[in-house]
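S.K.: Before anything else, here's the structure in question.
There are 2 protein chains.
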Amino acid sequence: MLRNKLSSINLCNIAVHDKFWGKYTGLVTKEIIPYQWKALNDEVLDAEPSHCISNFEIAAGLKEGSFQGWVFQDTDLAKWLEAVAFSLSYEPNPELEKRADEAIELIGKAQEENGYLNTHFSILYPGQQFCNLKEGHELYTSGHMIEAAVAYYKVTGKDKFLQIMKKNADLICEVFNTEKYKNAIPGHEEIELALVKLYEVTGEQKYMDMAKAFVDRRGMRPNYLSEENTKPWYIDVWHDPNPYVEEYGQSHIPVREQDKAEGHAVRAVYLYSAMADIAYQYKDDELFQACERLYENIINKRMYITGGIGSSGMMERFTTDYDLPNDSNYSESCASIGLAMFCRRMTQITGDASYLDTMELALVNTVLAGIAMDGKSFFYVNPLEVWPDNCMEATSRAHVKATRQKWFGCACCPPNIARTLASLGEYICFVDEDGFYLNLHTGASFECDTESGRLAVEVDTEFPWKGHTIIRIKSDNTYGKARIRIPSYANNLCVNFNGEKLEPVIKKGYLVIKGKFKDDVIDITFDMPAQIVYANPNVRADIGKAAVVKGPIVYCLEEIDNGSNLAGVYIDVTEALEEEYCPDVLGGVTVIKAKGKRVETTSWNDGKLYAPRPVKFEKTNLTFVPYCNWGNRGYGEMSVWVKSL
Amino acid sequence: MLRNKLSSINLCNIAVHDKFWGKYTGLVTKEIIPYQWKALNDEVLDAEPSHCISNFEIAAGLKEGSFQGWVFQDTDLAKWLEAVAFSLSYEPNPELEKRADEAIELIGKAQEENGYLNTHFSILYPGQQFCNLKEGHELYTSGHMIEAAVAYYKVTGKDKFLQIMKKNADLICEVFNTEKYKNAIPGHEEIELALVKLYEVTGEQKYMDMAKAFVDRRGMRPNYLSEENTKPWYIDVWHDPNPYVEEYGQSHIPVREQDKAEGHAVRAVYLYSAMADIAYQYKDDELFQACERLYENIINKRMYITGGIGSSGMMERFTTDYDLPNDSNYSESCASIGLAMFCRRMTQITGDASYLDTMELALVNTVLAGIAMDGKSFFYVNPLEVWPDNCMEATSRAHVKATRQKWFGCACCPPNIARTLASLGEYICFVDEDGFYLNLHTGASFECDTESGRLAVEVDTEFPWKGHTIIRIKSDNTYGKARIRIPSYANNLCVNFNGEKLEPVIKKGYLVIKGKFKDDVIDITFDMPAQIVYANPNVRADIGKAAVVKGPIVYCLEEIDNGSNLAGVYIDVTEALEEEYCPDVLGGVTVIKAKGKRVETTSWNDGKLYAPRPVKFEKTNLTFVPYCNWGNRGYGEMSVWVKSL
């Protein structure tokens, strides 16, 4: 681990103006935030109602009625407020800020005297607090509220929300250090990483210690969650007849002993993010090594090529090594967000950019796939292969949707994507006392203060369609270091500094250029042609198949370009791939063409299901488009992995 | 349809002594019936308890306690009694008969005054009868009880059980013809085909009419099942928050308009069996045409090569045309039993043997796969591809088991297999006024009475390992017809009659030999070599794959013979298959050898999950064994469909 953690840049100091990301980040203030506000207020026609604001109004005593929605419904507002906070950092909007202030006012009114904040329990079980940690999601909900409050404070400087959540966190620190709750842990992790953030803005050690205690207790005996239903104060929330599955909640063994990513994927990566934070803060090598093992297990045995995680539709969870079915997986958008959060922290505490390859994969493929290009509909589940006909309600494929949905009754993903896009700057750039780290080749302008002075940086790039990035640094002859991530997929790197070729110095995945900056230009080019990729042959689902990738961008076949029955399409890997930038396709993307063959469905014309005669094939041309953009041109089949000749 | 339906042979007139079937039928009295009696009495160690007998004792007032188990738990005893009845037809057993008589006594005591019989509702909701047809399974349970009573009466001549069930059926005929229940239908079909059987032994028309009414009402508006939860008498049994799915219960459109097999597979084929019965009885061509359409839909679009049906694990149901995933399917043993029942009836009413190809497929592959070769453990779900590592509890694959289970809390399949094996004679042979129809090439002795006299028939066969069957007919110079099914997969048929070659006359799939029989020998040979079969290319799951079959026997690869990672094994279809009868393998089977290649897992030795280099292959020999016998030599991978070169 590093002596000094790399800091996320303050979002007020960065503006993103990237062509690739701009298709989505540009939607945050224009479409997503207003749309999601409507959703929270149940004003989106034909969409599942949220009830979220209504629940707060009832809890605040402003309205009659009862709680509706999931136990964690409050988090939709939390994530919306966090997205609003981030958006205000780069696009001030007094009207929106006023709406947010009003929502915060409402949250304050819904808070109970002792600091407790959760509309589900306040309305349905008044006075009964923390009586079902396994299912109740109170600590999870507080975690999201704290994250939002910290973001709102950091961007606006207003501390009302922060004070509300400090009071709530104080209650949590008090309650969960009592004898009664000395073994207690949250059912769904999230509070841990939020308390770390709260510590970072307030400097109050008790929040960090509480986060550490929750992490330390996890997997220890007695297991509070397994035994919770025997406690006298237990409330049965979900009437689930099944016993608690300890792996599901990562509480099967102590976290320091864990070496496989188990259970509910979102819970897992939120936990690992907090573990990384705490390992760094307490210089806890054992905990850090657990983080490394879990990271390795994910990327080498349990992750889709798209950066998706969670192979099982049922329980939204990890299963076993190399079990990566493409058509029935969950790969929740939130899980890839959590994976990106974990990877970001691992780089922040080690200075090693290799984790960012995974972060980038998750962000540019699965997270972006989670949202439509108009910002108005969402995937919760991100399969790598879809045949719309069999995505039927009340079947094993019911969780897989062939089109993005307007909203969900359980709507964790849409606002999670919104807050992630709105805080993209935190992923693009880190800073330390010497200068900056450019993590993603993304068009952006930012400023950072070194020990010697300020650097103003302007990044322009043709990424991801071309490996060409220009970084202009203006400063007052300030000494500093520019560290620019050179991804693992970059070949033939060529660096020019003020027009002169430079022998690149790469440290831990970053190109390092140091010196006194005045008005300097770093021009970086590298090759990242489209290529055919194969899976480890232990991945049974991908044997005999190939995928097409270009840099971090994973491609797919869609029915609109390639006809139906994509399972019957083969790519000829001996033929060259052709790249073509198409400005009119999907807002401008590089399309990849390949040769191959496909089954002649018509050759099997007697209607029989099985017969002793081989299927015939015909030659075909294949067109691949970025997976992140799939499903934006109507309804049809999609496949990432393609049979190969 | 025929003028006179082909009758099932009376089981008292047939004895099965077949080498292939004998591995299983021989277990019925020796192992399965005693074992299942223990299971019903909760005496099997390490198995889920049944509670079945206990529930009857409580309902009968002989014991304190409450109902435990599924709502349809009574049917386990019904199917056990039916299996016992059938077994007594060929293996008298006074002790077993006494035990059955005592169980029947117990059933009588559990019956209510008005004829009502269902321990679940009698114990938990006394006085509340037929208050949840959607989930309550009362009519389903009565159906199985009636089938058992009919069997017990036909074999033993004792009518106590029959009288109990007549009283129950009388109540049903009364209740379901009242104004209150005029639109009512069973949630799970079964009563319909049972009432037909009751009519057949009693001659009472009202039973047949009630069966017809249930069939006629299905899918009509108003849909009783969709609206049932609004009735004042409704009891919520399962607290299922989801609305009733009409397709799930085949009640989405009138049965005469149905042309796709929809919903829960067992329900569907039980309904279609009754539809065939009723179509024949009432000479209802419209209903018969619906049967034909549904049959065609199943065999041409919705059936596994193993005769399994039901593609979705969730809700054990049909999904959509050509959706036949191999590793996540349900293909319940009971569904294939129901399919065999439906096919048998279709042949009985049409005289057309083509349906029997499907019947045979379901019986010799999926039904036999459902039971271990020691008769003591069972599959409920019959996948065509298993990787034990990912058959994990609390995941999407939780329904798939890599080893047969000792018993199930929901135990419909084990006793259903037992009663099917015990009544195999009814599938082997039909009779009419002219003689017999030999449906399955199976070693058996039977007698049948024609209008002119009695024929005594002895069948010996090398089937299914060789297409060679000898039929000896002894009679008193009686005129008759021998009709012997020539399966669709039989090639180069050669028939000898008393040593002389005969030009075969085939009618509707049966070889017909007529004349006066005295002491005659029919010697039939045909070729049915092992062959490679492919699936219709609309079956996305099987594209690029091949299966090995020999006659009706579907083969599979098992890990014990072929190593692990069967998804990485390819069969070379240009090389000849080699057949070898191995007396020591699986009790004597023909094993099939093939050539192919397999992935070299070790060639991918850097541990990465994805990389731009193809996987290497090595040559391999493949050994296929009958699918019905898989999982009898320990725990491991299995696959029916194999990638093909």
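Residue numbers (numbering that gives the first Met the number 0), protein chains in the order written: chain E, 0 to 644; chain L, 0 to 644. Cβ atoms here follow ideal geometry from the backbone N, Cα and C, with glycine treated the same way. Bear in mind that the values here come from a model prediction, so they are computed numbers and not experimental data.
1. Applying the 10 Å Cβ sphere with the 16-neighbour rule, what's the burial state of L44 (chain E)?
2. DSSP three-state call for M637 (chain E): helix, strand or coil?
3. Excluding sequence positions up to five away, which residues of its chain have a Cβ less than 7 Å from the Cβ of E617 (chain L)?
4. Going by Cα to Cα distance, which pick from E:F71, E:W69, E:I52 and E:V70 is closest to K62 (chain E)?
5. What in chain E is Cβ-close to K300 (chain L), meaning under 9 Å?
6. Check for me: the alpha helix (DSSP H) holding N117 (chain E) runs from which residue to which?
7. Which residues in chain L have a C-beta closer than 8 Å to the C-beta of Y247 (chain E)? List them in chain order.
8. Just the C-alpha distance for N645 (chain L) and T155 (chain L), rounded to the nearest angstrom, thanks.
9. How would you label H119 (chain E), buried or exposed, when you count the other beta carbons within 10 angstroms and need 16 or more for buried?
10. Hey, quick one: how far does the alpha helix (DSSP H) through S353 (chain L) stretch, first residue to last?
11. Using DSSP bridges, identify the partner residues of D541 (chain E).
12. Classify Q72 (chain E): buried if its beta carbon has 16 or more other beta carbons within 10 angstroms, exposed otherwise.
13. Excluding the 5 residues preceding and the 5 following L576 (chain L) in the sequence, name in chain order all residues of the same chain whose CB lies nearer than 6 Å to its CB.
14. Assuming Y23 (chain L) contacts I370 (chain L) under a Cβ cut-off of 8 Å, what Cβ separation, rounded to an integer in Å, is found between them?
15. Quick one: list the residues of chain L neighbouring A397 (chain E), beta-carbon separation under 7 Å, in chain order.
16. I'd like the ranges of any alpha helix (DSSP H) spanning at least 4 consecutive residues and lying wholly in the segment 65-113 of chain L.
17. Smallest Cα separation from L138 (chain L): which of L:I106, L:E104 and L:A210?
18. Hey, A417 (chain E) and I31 (chain E): beta-carbon distance below 7 Å or not?
19. For I304 (chain L) and chain E, any beta-carbon pair shorter than 7 Å?
20. Taking only three categories from DSSP, how would you classify L26 (chain L)?
21. Can you name, in chain order, every residue of its own chain whose Cβ lies under 8 Å from the Cβ of S121 (chain L), other than the five neighbours on each side?
22. With a threshold of 8 Å, are at least 3 pairs of Cβ atoms found where one atom belongs to the segment 352-365 of chain L and the other to the segment 273-283 of chain E?
23. What is the DSSP secondary structure of T646 (chain E), reduced to helix, strand or coil?
24. Can you confirm whether I252 (chain E), when its beta carbon is compared against all beta carbons of chain L, has any partner nearer than 7 Å?
25. Would you give the residue range spanned by the beta strand (DSSP E) that S474 (chain E) belongs to?
26. I'd like to confirm the pairing. Which residues does DSSP put opposite P625 (chain L) in its beta bridges?
27. Whose CA, out of E:M274, E:I190 and E:P463, lies closest to the CA of T589 (chain E)?
28. Under a Cβ-count criterion, where at least 16 other Cβ atoms within 10 Å of its own Cβ denotes burial, should R539 (chain L) be classed as buried or exposed?
29. Using the C-alpha atoms, what's the distance from L608 (chain E) back to R292 (chain L)?
30. What do you reckon, are the CB atoms on L585 (chain L) and E636 (chain L) nearer than 7 Å?
31. Using the rule of at least 16 other Cβ atoms within 10 Å of the residue's Cβ for burial, across every protein chain shown, is D601 (chain E) buried or exposed?
32. Distance check for H136 (chain L) and D388 (chain E), CA to CA, integer angstroms please.
33. Determine, using beta carbons only, whether A566 (chain E) comes closer than 7 Å to chain L.
34. Can you confirm whether the segment 289-303 of chain E touches the segment 207-222 of chain E when touching is taken to mean that 3 or more C-beta pairs between the two stretches lie within less than 8 Å?
35. Hey, how far is the Cα of K4 (chain L) from the Cα of V572 (chain E)?
36. Which class does D320 (chain L) belong to by DSSP, given the choice of helix, strand or coil?
M.R.: Straight from the coordinates:
1. exposed
2. strand
3. K596, R597 and E599
4. E:I52
5. G606 and L608
6. First-last for N117 (chain E): undefined, no H or E at that position.
7. A393
8. Because residue 645 (chain L) is not part of the residues shown, which for chain L are 0 to 644, the question remains open.
9. buried
10. S353 to L360
11. According to DSSP, which records beta bridges pairwise, D541 (chain E) is partnered with nothing at all.
12. buried
13. A529, I591 and A593
14. 6 Å
15. M313
16. 73-89 and 93-109
17. L:A210
18. yes
19. yes
20. helix
21. A58, A109, E111 and Y115
22. no
23. With chain E represented from 0 up to 644, any question about residue 646 (chain E) goes unanswered, as that position is not in the structure.
24. no
25. G466 to R484
26. L:Y554
27. E:P463
28. buried
29. 15 Å
30. no
31. The question names Asp, but residue 601 (chain E) in the sequence shown is Thr. T601 (chain E) is exposed by the Cβ-count criterion.
32. 31 Å
33. yes
34. no
35. 59 Å
36. coil
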